[in-house]
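First the structure, in the form of structure tokens, and then the observations on it.
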Amino acid sequence: MEHERERPRMGHRSQEGGNKPKRKVFTSRKACRFCTDKESKPNYKHPKMLAMYISERGRIIPRRISGLCAMHQRRLTTSIKQARTMALLPFTATQR
Amino acid sequence: MREYEILYLLAPDLPQNKVEELNQKVSDLITKQGGQVLTLFNWGRRKLAYRVAKHDYGVYVYVNFLQSGSVIAELERILKYDDRVLKFMTVKLDEAVNVEERLKTKRELLLSSYDEEVAPVQAEAAAEAV
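Quick note, the sequences are listed as chains Y and R, same order. Mapping of the first sequence onto the working numbering: residues 150 to 245, in sequence order. Mapping of the second sequence onto the working numbering: residues 4 to 133, in sequence order.
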């Protein structure tokens, strides 16, 4: 954390009086959900679980938001794509 | 032996006996080629995420089996040319399975991977059908 604070994004700003340097807000990174719960794995047969990781428009939520580890995000992506081919999950939000 | 699973999507208006006929055909083919069917499970009627061949609903059938792999091409050929099958997908789960050990753990694995998800799905499908 410490070194992040010492690296001002907008260097000149911090030298100007008055204007506070914009500090990046850090929230503690939550552990990957699939790593915490050893029982569950991303699986295309569980569309309801996968649906938590797609946006309203049907797009896959990126790792920086989903908070998954690289391995599980990769497997999640595969599972979502498999579920899409089987019409268990949407490719896009469709108007019916 | 390899472990495979195959999921196929059938037209919702297909009569029950036709569904069973196809399931029988699939499992016969697997066993005939020295394979073993671990599960054949009908997920029931489900709402599809998008329209497939003008259908909003579909019946999913899930088959989990052990076989050397020689049956896959034939199986997929059958599903491909059957116009009652809207979609299908085969997934290879394991390259080398010890058959005896796999059969011992069969029940456990089934419980952990299906009960929680499939049961509510079926309930949902029933509710939608009403």
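C-beta atoms are modelled at their ideal positions from N, C-alpha and C, and glycine is treated no differently. Remember, it's a predicted structure, so these values are computed and weren't measured experimentally.
{"query": "Near T93 of chain R, what residues of its chain come up, given a Cβ to Cβ distance below 7 Å and the 5 sequence neighbours on each side ignored?", "result": "Y7, I9, I75 and E79"}
{"query": "To the nearest angstrom, report how far apart D85 of chain R and I210 of chain Y are at their CA atoms.", "result": "36 Å"}
{"query": "Going by Cα to Cα distance, which pick from R:N26, R:M4 and R:P18 is closest to Y65 of chain R?", "result": "R:N26"}
{"query": "Would you mind working out which of R:V55, R:K57, R:Y63 and R:L41 sits nearest R148 of chain R, comparing C-alpha positions?", "result": "No answer is possible for residue 148 of chain R: it lies beyond the span of chain R, which begins at 4 and ends at 133."}
{"query": "Would a C-beta distance cut-off of 8 Å place G207 of chain Y and A236 of chain Y closer than the cut-off?", "result": "no"}
{"query": "Using the DSSP secondary-structure output, state which residues sit across from Y202 of chain Y in a beta bridge.", "result": "Bridge partners of Y202 of chain Y: none, in fact."}
{"query": "For P191 of chain Y, I'd like the list of residues in its chain whose CB is within less than 6 Å of its CB, leaving aside the five on either flank, ordered along the chain.", "result": "R224, L225 and S228"}
{"query": "In the DSSP assignment, find the unbroken beta strand (DSSP E) run with K141 of chain R in it and report its ends.", "result": "The requested residue 141 of chain R is not part of the displayed model; chain R covers only 4 to 133."}
{"query": "Alpha carbons only, please: which of Y:G216, Y:I203 and Y:A219 is nearest the one belonging to P239 of chain Y?", "result": "Y:I203"}
{"query": "For chain Y, check one thing: does any of its Cβ atoms lie closer than 8 Å to the Cβ of V55 of chain R?", "result": "yes"}
{"query": "Using CA coordinates, which residue listed in Y:Q231, Y:A200, Y:L199 and Y:R212 is at the minimum distance from A180 of chain Y?", "result": "Y:R212"}
{"query": "Along the chain, where does the alpha helix (DSSP H) containing H195 of chain Y start, and where does it finish?", "result": "Neither: H195 of chain Y is in no alpha helix (DSSP H) and is coded neither H nor E."}
{"query": "Taking the alpha-carbon positions, what's the R5 of chain R to K90 of chain R distance?", "result": "23 Å"}
{"query": "So, is V102 of chain R buried or exposed, given that buried needs 16 or more other C-beta atoms within 10 angstroms?", "result": "exposed"}
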